[in-house]
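Chemist:
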Amino acid sequence: MAEAVNTEIVIVGGGIGGLAAALALSQIGRRVMVLEQAEKFAEIGAGIQLGPNAYKMFHRLGIVEAINAIAAFPDFLMMRDNMSGEMIAQLPAGEEFRQRFGYPYGVIHRADLHGVIFAACRAAEAIELRTHAKVVAIEENADGIVAVTEGGLHVSAEALIGADGIWSMVRERIVGDGAARISGHIAYRAVLPAADMPKELAFNAMCIWAGEKAHLVQYPLRRGELFNLVAVFHSDKFSEGWNAFGDPEELHLRYAEKCQEVRTLLERIESWRMWVLCDREPVRDWFKGRVALLGDAAHPMLQYLAQGANMAIEDAVCLADMLVNEAGDYGRAFRRYRDARYLRTTRVQLTARLYGEIYHASGATRDFRNAELSSWSKEDIYRGMSWLYGIDGSWRDGERRAASAAEDSGAAAG
Ligand SMILES: Cc1cc2nc3c(=O)[nH]c(=O)nc-3n(C[C@H](O)[C@H](O)[C@H](O)COP(=O)(O)OP(=O)(O)OC[C@H]3O[C@@H](n4cnc5c(N)ncnc54)[C@H](O)[C@@H]3O)c2cc1C
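As numbered in our numbering, residues 10 to 423 make up the sequence shown, in order.
1. Give me whichever residues DSSP pairs with His194 in a beta bridge.
2. With C-beta atoms as the reference, is Ser35 less than 9 Å away from Ala133?
3. Taking 8 Å as the cut-off, is the C-beta of Gly124 nearer than that to any heavy atom in ligand 1?
4. Whole-angstrom Cβ separation of Ile53 and Arg277, contact assumed at under 8 Å?
5. Check whether the Cβ of Arg289 lies closer than 8 Å to any heavy atom of ligand 1, and answer yes or no.
6. Assign Leu260 to buried or exposed, taking buried as 16 or more other Cβ atoms, counted over all protein chains shown, within 10 Å of its Cβ.
7. Given this structure, state the Cα-to-Cα distance separating Ser93 from Glu266, to the nearest angstrom.
8. For ligand 1, is there any heavy atom lying closer than 8 Å to the beta carbon of Arg362?
9. Would you kindly work out how many angstroms separate the C-alpha atoms of Leu44 and Val285, rounded to a whole number?
10. I want to check one thing, is the minimum distance from the CB of Leu44 to the heavy atoms of ligand 1 below 8 Å?
11. When the Cα of Glu48 is compared with those of Gln269, His68 and Gly22, which residue comes out closest?
12. In the DSSP assignment, what residue or residues form a beta bridge with Val157?
13. Following the continuous alpha helix (DSSP H) through Gln36, name the residue where it begins and the one where it ends.
14. Please tell me whether, using a cut-off of 8 Å, the distance from the CB of Trp295 to the nearest non-hydrogen atom of ligand 1 is below it.
15. Around the Cβ of Asp305, are there at least 16 other Cβ atoms within 10 angstroms (buried) or fewer (exposed)?
16. Excluding five sequence neighbours on each side, which residues of the same chain lie with their C-beta closer than 6 Å to the C-beta of Gln316?
17. Please list the terminal residues of the continuous alpha helix (DSSP H) segment that includes Gly407.
18. Does at least one heavy atom of ligand 1 sit under 8 Å from the Cβ of Lys65?
19. Could you check what DSSP says for Tyr114 in three-state terms: helix, strand or coil?
20. Looking only at C-alpha atoms, which of Pro229, Arg119, Pro202 and Ile400 sits nearest to Asn213?
21. Okay, do the stretch 331-346 and the stretch 79-93 touch, 3+ Cβ pairs below 8 Å being the bar?
22. Quick one: is the Cβ of Gln316 within less than 8 Å of any heavy atom of ligand 1?
23. Under a Cβ-count criterion, where at least 16 other Cβ atoms within 10 Å of its own Cβ denotes burial, should Leu32 be classed as buried or exposed?
24. Express the C-alpha separation of Leu363 and Arg190 in angstroms, rounding to a whole number.
25. For Leu262, count neighbouring C-beta atoms within 10 Å of its own C-beta (all shown protein chains included) and say buried if the count is 16 or more, exposed if not.
26. Quick check: the stretch 285-298 against the stretch 178-197, are at least 3 beta-carbon pairs closer than 8 Å?
27. If you drop the 5 nearest sequence neighbours on each side, which residues of the same chain put their C-beta closer than 6 Å to that of Ala422?
28. Measuring only from the beta carbon, is Val300 closer than 8 Å to any heavy atom that is part of ligand 1?
In structure tokens form, the structure reads like this:
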């Protein structure tokens, strides 16, 4: 049945990015409506790594205590070779790391992260959350924007944020770059009670078992009560989409030659969920008129840097900051938001692809990876991470770099 309502800013998509944006915008005094196509606001069962850059944003959003109550904090970030089982590199991730970057490295269940942001949104009077609200059309006129849902809801607003993920219909309207790029890599994910983990492998670390055409990531979740396992391998057996059941037979075949530790971990899981991993080329077109993109809709990336959700949360805070800086002038605020963000997210998108190559290296490339990474000092590793984790949160660096990129290309970036 047709229904017409209005708000100041309408957000398409209630994932981590859309809800973080709603929270940030409500905190600058904006009235927001989030339209989510699913029947409820929820996230699937798997883990998310949180860099110090995300923690900086949690402080800004006032949710750091709620996150800390449910996250886990690894003592180490490590990479091991999944053929020999040997340690390639290990970095302390506790107090020293925290001192270095100002904030900790955390790991959290996706449902817990989403749940904390959702609870904060529910508590905010200025936010209205709607489910069963798949946006199928967007109309722009001189007065503003109207989002139309499949069920006939018409939401009039001053502006619209597309936080509708990698298959974004809002992006299609702005960028029009068609289907996402299928990487040929597949992730199988599972969560295991800590009691079911082999004792010798239940260490408090984020560990990447790197190896030819396949790697495994493990880390604790929910204060250490659970463990997250993500097996990623090259495969041509897939259909596009998220969250289907995986085929354990294929998985065990792909890891048959891997070290005993990795095979032991995989054997502990009976049922896997499968993700076909996709990304897109980086773009500058993040906004058009009164519509802007955020999170995976703007910069979908492979997960090898564990930063997709972190970037979406940074986007949310930056967008709100720019609306304050530009006193609500959407055109100027969206441009500054894009400028502040797009070179950083481009770097993350491109680096994530490269990391995928490094994790899955074989032959001489594997030898080089192991020799090189094992020779790095702690200081070398910290220095290598500082561009990603050591942000100051003022967004000035991004804007300055975007201005110089626009100058170099001889035109203001459109
Ligand atoms: C295997 C794997 C591991 C990962 N690990 C990490 C990690 O450790 N750290 C990290 O930071 N990131 C990680 N990521 C990336 C992270 O999951 C994503 O970047 C993040 O979830 C993107 O959030 P989003 O809100 O932008 O999009 P999404 O989570 O895709 O949310 C989009 C929402 O929009 C809704 N929607 C879509 N279309 C419409 C419509 N037309 N109308 C209404 N609603 C709509 C969807 O239902 C969905 O709820 C990982 C990803 C994968 C696949």
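All C-beta atoms in this analysis are idealised placements derived from N, C-alpha and C, irrespective of residue type, glycine included.
Every value quoted in this text rests on a predicted model; they were computed, and no experiment measured them.
Modeler: If we stick to the structure as given:
1. What you label residue 194 is simply residue 185 of the sequence shown in a count that begins at 1. In DSSP, His194 forms a bridge with His243.
2. One-based indexing of the sequence shown puts residue 35 at position 26. One-based indexing of the sequence shown puts residue 133 at position 124. Taking 9 Å as the Cβ cut-off, Ser35 and Ala133 qualify as a contacting pair.
3. Walking along the sequence shown from the start, residue 124 turns up at place 115. No.
4. For the purposes of this step, residue 53 is taken as residue 44 along the sequence shown, with counting starting at 1. For the purposes of this step, residue 277 is taken as residue 268 along the sequence shown, with counting starting at 1. Incorrect: roughly 20 Å between the Cβ atoms, too far for contact.
5. Indexing the sequence shown from 1 puts residue 289 at position 280. Incorrect: Arg289 has no Cβ contact closer than 8 Å to ligand 1.
6. What you label residue 260 is simply residue 251 of the sequence shown in a count that begins at 1. Buried, by the Cβ-count rule.
7. Translated into the one-based positions of the sequence shown, residue 93 becomes position 84. Translated into the one-based positions of the sequence shown, residue 266 becomes position 257. Cα-Cα distance, rounded: 10 Å.
8. Mapped onto the sequence shown, residue 362 falls at position 353. Not under cutoff, so the answer is no.
9. Here residue 44 corresponds to residue number 35 of the sequence shown, with the count starting at 1. Here residue 285 corresponds to residue number 276 of the sequence shown, with the count starting at 1. If I take the Cα positions, the gap works out to 25 Å.
10. The residue labelled residue 44 in the question sits at position 35 within the sequence shown. Result yes, Cβ under 8 Å from ligand 1.
11. For the purposes of this step, residue 48 is identified with residue 39 of the sequence shown, where counting begins at 1. With distances taken between Cα atoms, Glu48 lies closest to Gly22.
12. Looking up residue 157 in the sequence shown gives position 148. Bridge pairing for Val157: Ala146 and His163 [DSSP].
13. As a working note, residue 36 is residue 27 in the sequence shown. It spans Ile25 to Gln36 - the alpha helix (DSSP H) in which Gln36 sits, taken as one unbroken run.
14. The residue you call residue 295 lines up with position 286 of the sequence shown. No, ligand 1 has no heavy atom inside 8 Å of this Cβ.
15. Here the question's residue 305 lines up with position 296 in the sequence shown. Counting Cβ neighbours within 10 Å, Asp305 comes out buried, since at least 16 surround it.
16. Residue 316 sits at position 307 when you count from the first residue of the sequence shown. Excluding sequence neighbours, Gln316 sits near Val357.
17. Residue numbering aside, residue 407 sits at position 398 when the sequence shown is read from its first letter. Start and end: Arg405 to Asp417.
18. Indexing the sequence shown from 1 puts residue 65 at position 56. Answer for Lys65: no, Cβ out of range of ligand 1.
19. Along the sequence shown, one-based indexing puts residue 114 at 105. Note: Tyr114 maps to coil in three-state DSSP.
20. If you number the sequence shown from 1, residue 213 lands on position 204. Comparing Cα positions, the closest option is Pro229.
21. no
22. In the sequence shown, the residue the question calls residue 316 occupies position 307. Indeed, a heavy atom of ligand 1 lies less than 8 Å from the Cβ.
23. Within the sequence shown, the letter at position 23 stands for residue 32. The residue is buried, with at least 16 neighbouring Cβ atoms inside 10 Å.
24. Mapped onto the sequence shown, residue 190 falls at position 181. Mapped onto the sequence shown, residue 363 falls at position 354. A direct Cα-to-Cα measurement between Arg190 and Leu363 gives close to 15 Å.
25. Your numbering for residue 262 matches position 253 in the sequence shown. Answer is exposed; the Cβ neighbour count stays below 16.
26. yes
27. One-based indexing of the sequence shown puts residue 422 at position 413. For Ala422, the predicted model reports a pLDDT of 48, less than 50, meaning its position is unreliable and no value from the coordinates is stated.
28. Taking the first residue of the sequence shown as position 1, residue 300 is located at position 291. It does not: the Cβ of Val300 is nowhere closer than 8 Å to a heavy atom of ligand 1.
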